[in-house]
Structure formats: structure tokens, C-alpha cells
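FYI, in our numbering the residues of the sequence shown are 525 to 647.
Note that CB positions come from ideal geometry on N, CA and C, so glycine has one too.
All values derive from a computational prediction rather than experimental measurement.
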Amino acid sequence: MRLGELIETVIRTRGRQYSEDIMTGWLNEIEGQVIDEVINKAEGYDLEFKSMTYDLDAERELSVPDRFQDVYINYMLSKIDFHNQETERYNNDVVMYNSAYDAFASWFKQNHMPKRGAIFSRF
Numbered sequence: 525m526r527l528g529e530l531i532e533t534v535i536r537t538r539g540r541q542y543s544e545d546i547m548t549g550w551l552n553e554i555e556g557q558v559i560d561e562v563i564n565k566a567e568g569y570d571l572e573f574k575s576m577t578y579d580l581d582a583e584r585e586l587s588v589p590d591r592f593q594d595v596y597i598n599y600m601l602s603k604i605d606f607h608n609q610e611t612e613r614y615n616n617d618v619v620m621y622n623s624a625y626d627a628f629a630s631w632f633k634q635n636h637m638p639k640r641g642a643i644f645s646r647f
């Protein structure tokens with residue numbers, strides 16, 4: 525999934541409540557977390573997270589495969605609901621995000637050898 529596709533999906537789901545730049549900032553949080561906590565724990569990976577901007581990176585491919593796109597979608601929805609003070613929706617989004625994140629991290633761990641001494645987190 526590309527950054528621009530994700531932002532458009534979120535806008536279609538909840539409307540244009542926040543700017544693309546704000547949502548890209550939120551996406552930077554989760555993208556950096558995925559790279560640090562999951563991907564870089566595997567042998568052969570040493571990615572450096574580079575912060576994204578919507579104008580320059582709308583076509584940039586995100587790190588999590590499309591089949592686990594709910595990691596990004598639910599994270600973004602949780603940020604919207606948190607800032608809108610919609611507690612019940614936020615709680616539901618966070619549960620869905622955690623489930624999607626754990627499923628992705630498990631899949632990644634099963635399909636990649638860990639680095640020597642590395643510990644996959646959130647398991």
C-alpha cells in the first residue's frame with residue numbers, strides 16, 4: 525500500500541477531518557515503529573526510517589504488506605478518534621490495531637530469521 529492510498533482510504537472511511545500533513549505525521553509514527561520493532565529485528569534488514577511528507581511521498585510504498593493493511597488503517601482511525609475525544613470508537617480501533625499489528629509481527633517472525641541476539645517485541 526502506498527502512503528497516498530492509505531490517506532485516501534482513511535478519508536473515505538471517516539471523512540476529511542484532518543489534513544494530509546497531519547495524517548502523514550501519524551503514519552510516520554507507526555511506520556517507524558514497525559521498522560524498529562519488527563523489520564529490523566530480522567536477519568538481513570537494517571532499514572533507516574526516513575520521515576515522509578505527503579507532497580513528496582504520496583507514491584511511497586509502505587513497509588507492511590497489503591494483506592496486513594489494517595495495521596495502518598486502524599492506527600490512523602484510532603488517532604482520529606483519540607483527537608476527536610470519541611472514547612468508545614478509539615477503544616475499538618486500538619483493539620483492532622493491536623490485533624492487526626500482532627498478526628503482522630507474528631507472520632514476519634515466522635518468515636524471517638531473527639538477528640543474533642535480537643528479540644522480536646510484542647509477543
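Its Cα nearest to that of arginine 591, the residue Phe632 stands out among Ile535, Val534, Leu571, Phe632. DSSP, reduced to helix, strand and coil, places alanine 624 within a helical segment of the structure shown. By the CB criterion at 9 angstroms, valine 619 and valine 588 fall outside the cutoff.
The region 594 to 610 makes contact with the region 530 to 538; the number of CB pairs closer than 8 angstroms reaches 3 or more. Going by C-alpha positions, glutamate 553 is about 16 angstroms away from methionine 525. Judged by DSSP in its simplified three-state form, glutamate 585 adopts strand.
It is roughly 26 angstroms from the alpha-carbon of glutamate 583 to the alpha-carbon of asparagine 622. Judged by DSSP secondary structure, aspartate 594 falls within the alpha helix (DSSP H) whose first and last residues are 594 to 607. In the DSSP assignment, methionine 547 falls within the unbroken alpha helix (DSSP H) covering 544 to 561.
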